[in-house]
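Heads up: the sequence lines are chains Y and U, in that order. Each residue of the first sequence is one higher than the one before, starting from 1 at the first, in the UniProt record's numbering. Each residue of the second sequence is one higher than the one before, starting from 1 at the first, in the UniProt record's numbering. Have a look at the structure below, then the notes.
Number of protein chains: 2
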Amino acid sequence: MSYSYEYPRPSVTVDAVVFGYDAGELRVLLIERGEEPFRGAWALPGGFVGLDEDLDAAARRELREETGIEPVLLEQLRAFGTRGRDPRGHTVTVAFVALVKLGDHSVQAATDAADARWFPANDPPALAFDHAAILQCARAHMIEAVRTRPVGFDLLPAQFSQTDLQKLVESVLGEELDKRNFRKKLHALGLLLPTGEYETGVPRRAAQLYRFDAARYASLLKEGFQFRL
Amino acid sequence: MSYSYEYPRPSVTVDAVVFGYDAGELRVLLIERGEEPFRGAWALPGGFVGLDEDLDAAARRELREETGIEPVLLEQLRAFGTRGRDPRGHTVTVAFVALVKLGDHSVQAATDAADARWFPANDPPALAFDHAAILQCARAHMIEAVRTRPVGFDLLPAQFSQTDLQKLVESVLGEELDKRNFRKKLHALGLLLPTGEYETGVPRRAAQLYRFDAARYASLLKEGFQFRL
DNA sequence: TCAAAAGTGTTAGTGATACACCCATGC
DNA sequence: GCATGGGTGTATCACTAACACTTTTGA
Numbered sequence: 001m002s003y004s005y006e007y008p009r010p011s012v013t014v015d016a017v018v019f020g021y022d023a024g025e026l027r028v029l030l031i032e033r034g035e036e037p038f039r040g041a042w043a044l045p046g047g048f049v050g051l052d053e054d055l056d057a058a059a060r061r062e063l064r065e066e067t068g069i070e071p072v073l074l075e076q077l078r079a080f081g082t083r084g085r086d087p088r089g090h091t092v093t094v095a096f097v098a099l100v101k102l103g104d105h106s107v108q109a110a111t112d113a114a115d116a117r118w119f120p121a122n123d124p125p126a127l128a129f130d131h132a133a134i135l136q137c138a139r140a141h142m143i144e145a146v147r148t149r150p151v152g153f154d155l156l157p158a159q160f161s162q163t164d165l166q167k168l169v170e171s172v173l174g175e176e177l178d179k180r181n182f183r184k185k186l187h188a189l190g191l192l193l194p195t196g197e198y199e200t201g202v203p204r205r206a207a208q209l210y211r212f213d214a215a216r217y218a219s220l221l222k223e224g225f226q227f228r229l
Numbered sequence: 001m002s003y004s005y006e007y008p009r010p011s012v013t014v015d016a017v018v019f020g021y022d023a024g025e026l027r028v029l030l031i032e033r034g035e036e037p038f039r040g041a042w043a044l045p046g047g048f049v050g051l052d053e054d055l056d057a058a059a060r061r062e063l064r065e066e067t068g069i070e071p072v073l074l075e076q077l078r079a080f081g082t083r084g085r086d087p088r089g090h091t092v093t094v095a096f097v098a099l100v101k102l103g104d105h106s107v108q109a110a111t112d113a114a115d116a117r118w119f120p121a122n123d124p125p126a127l128a129f130d131h132a133a134i135l136q137c138a139r140a141h142m143i144e145a146v147r148t149r150p151v152g153f154d155l156l157p158a159q160f161s162q163t164d165l166q167k168l169v170e171s172v173l174g175e176e177l178d179k180r181n182f183r184k185k186l187h188a189l190g191l192l193l194p195t196g197e198y199e200t201g202v203p204r205r206a207a208q209l210y211r212f213d214a215a216r217y218a219s220l221l222k223e224g225f226q227f228r229l
């Protein structure tokens with residue numbers, strides 16, 4: 001007996017909602033389940049927590065194993081533990097949200113994932129377990145996050161135009177924003193550095209590219225600064 | 001064998017940070033542990049999740065059993081699963097925040113709680129496990145909550161003065177607010193109904209008492225209203 | 001020369017902040 | 001009559017929201 005508890009217990013899993021951004025659309029990474037239950041269905045990547053494993057370490061490990069992705073930003077959403085959410089028996093899952101720059105990663109399914117692909121976050125396929133509810137919760141989390149933290153900088157490539165960032169924010173919020181007001185706020189924050197480079201290959205005037213001033217953001221945070229778009 | 005999984009697994013517990021408000025101070029309900037580990041230490045009420053039990057049901061059950069309290073408002077904070085947080089073996093706990101009107105409840109310790117008492121939330125005793133970190137997280141949650149949701153109405157008696165509410169908000173935020181501005185915002189929200197009754201037994205002009213217009217708040221919420229103080 | 005997006009300022013309104021005095025009451 | 005908090009309004013400032021045209025470029 002490897003446990004010191006005598007109690008019967010629910011199982012513990014982690015699931016990750018991995019968001020990326022591509023072609024003007026927020027995307028979510030899903031795997032096709034290669035094992036029962038829900039074999040052949042799409043699901044969030046995730047799996048069982050090891051006996052002596054931190055929750056976030058477990059989430060990273062499952063992500064790596066099932067999809068080949070190593071996210072920079074991974075944060076906990078919350079736990080889901082409704083009775084009956086897993087047909088195999090009572091299972092509590094701790095859901096995480098991860099953000100990745102899509103260009104930095106090519107996904108490759110492995111272990112118990114038959115396939116791994118990006119889907120539109122706002123129009124996903126049917127999902128296994130209660131993963132639709134978890135995704136829904138993660139999208140609500142993103143709406144909050146995109147306004148109060150510079151998450152756009154984790155989703156976009158290192159260099160991006162102001163319009164790129166605006167389109168991303170709009171696609172998360174599901175509403176359009178005024179270009180001039182958006183840029184005014186952006187410049188007021190003082191977190192954008194022009195790189196001196198420009199878009200290429202566009203059939204119109206090329207936009208200035210910027211990068212995120214992470215050092216300045218870190219120092220502003222220490223002074224109690226609150227990001228808000 | 002009562003499990004259908006072959007995996008070794010962490011244990012799952014729930015812990016509740018129960019906040020009340022009394023004598024101008026935010027308070028937290030703690031129990032004195034009657035069992036090892038940490039016997040005799042103060043801790044958050046909580047315990048093991050039953051094999052087929054919803055997380056919030058488990059939290060309510062543990063609260064009832066250990067302290068006699070049945071909170072109206074109970075919401076999940078997040079899961080804590082750092083390796084080594086429980087000396088008995090890897091244990092994941094899902095923490096909840098509950099708000100109660102102190103006058104409605106008298107606490108009484110039971111089951112594995114030797115004692116149950118209210119402590120100042122901002123100056124608690126040393127706590128078992130990682131409960132100090134959980135409490136810290138719950139306090140941060142309250143700071144956010146008190147600004148964006150009418151939580152004051154869950155902590156105060158049914159009738160209260162504007163000053164009561166302001167003092168509560170101030171004690172959660174840890175900063176003082178301007179009386180006139182506070183009242184202006186409060187009235188702008190339109191959620192306070194004067195009851196026509198007044199404070200009694202105070203050696204000065206008695207303050208008008210109000211109650212929270214819960215029906216109006218519910219209907220405002222449906223229209224996409226966002227509470228903010 | 002056309003299409004498509006880049007870039008750029010002003011105004012009006014709304015909400016936030018700062019601030020001080022008189023009033024009612026109980027002792 | 002005095003001490004205590006109850007109750008009230010105004011002026012300023014900052015931020016938000018609404019709004020349209022010219023410029024650059026590639027095809």
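Cβ coordinates follow ideal geometry from the N, Cα and C atoms, glycine included. Quick caveat, the model's predicted, so the values are computed rather than measured.
{"Item": "U:Ser171 at chain Y interface by Cβ criterion, 7 Å", "Value": "no"}
{"Item": "contact_flag[the stretch 142-155 of chain Y, the stretch 29-43 of chain Y] where n(CB pairs < 8 Å) is 3 or more", "Value": "no"}
{"Item": "Pair within 7 Å by beta-carbon distance, Y:Ala43 and Y:Phe96", "Value": "no"}
{"Item": "Interface residues of the stretch 50-67 of chain U facing chain Y [CB-CB below 9 Å]", "Value": "Gly50, Leu51, Asp52, Glu53, Asp54, Leu55, Asp56, Ala57 and Ala58"}
{"Item": "C-beta contact flag for residue 259 of chain Y and Y:Ser161 at 7 Å", "Value": "No information on residue 259 of chain Y is available, as it lies outside the stretch 1 to 229 that chain Y covers here."}
{"Item": "Straight-line gap, U:Asn122 to U:Leu26 (C-alpha atoms, nearest Å)", "Value": "7 Å"}
{"Item": "Residues that DSSP places opposite Y:Val97 in a beta bridge", "Value": "Y:Val17 and Y:Glu75"}
{"Item": "Length of the line joining the Cα atoms of U:Gly77 and U:Arg180", "Value": "The sequence given here places Leu at residue 77 of chain U; Gly does not occur at that position. Going from the Cα of U:Leu77 to the Cα of U:Arg180 covers about 33 Å."}
{"Item": "Chain-ordered neighbours of U:Thr82 on chain Y, where CB pairs are closer than 7 Å", "Value": "Asp54"}
{"Item": "C-beta neighbour in chain Y for U:Ser106, strict 7 Å", "Value": "no"}
{"Item": "Proximity of U:Leu73 and U:Leu155 at Cβ, strictly below 7 Å", "Value": "no"}
{"Item": "Environment of U:Gln166 [buried if 16+ CB atoms lie within 10 Å]", "Value": "buried"}
{"Item": "Residues of its chain near U:Leu135, where Cβ-Cβ distance is below 8 Å and the 5 sequence neighbours each way are ignored", "Value": "Val17, Val28, Leu44, Ala121, Pro124 and Leu127"}
{"Item": "Neighbour-count burial assignment, U:Glu175, 16 or more Cβ in a 10 Å radius", "Value": "exposed"}
{"Item": "Straight-line Cα distance separating Y:Val12 from Y:Thr93", "Value": "6 Å"}
{"Item": "Pair within 7 Å by beta-carbon distance, U:Glu62 and U:Asp112", "Value": "no"}
{"Item": "Proximity below 7 Å, CB of Y:His90 to CB of Y:Pro10", "Value": "yes"}
{"Item": "Residue closest to Y:Arg228, alpha-carbon to alpha-carbon, out of Y:Tyr21, Y:Val49 and Y:Ala188", "Value": "Y:Ala188"}
{"Item": "Of the residues Y:Ser171, Y:Thr67 and Y:Ala214, the one placed nearest Y:Ala110, counting alpha carbons only", "Value": "Y:Thr67"}
{"Item": "Boundaries (first-last residue) of the alpha helix (DSSP H) holding Y:Gly174", "Value": "Per DSSP, Y:Gly174 belongs to no alpha helix (DSSP H) and is neither H nor E."}
{"Item": "Closest residue to Y:Gln159 among Y:Lys101, Y:Ser106, Y:Asp115 and Y:Glu70 (Cα-Cα distance)", "Value": "Y:Lys101"}
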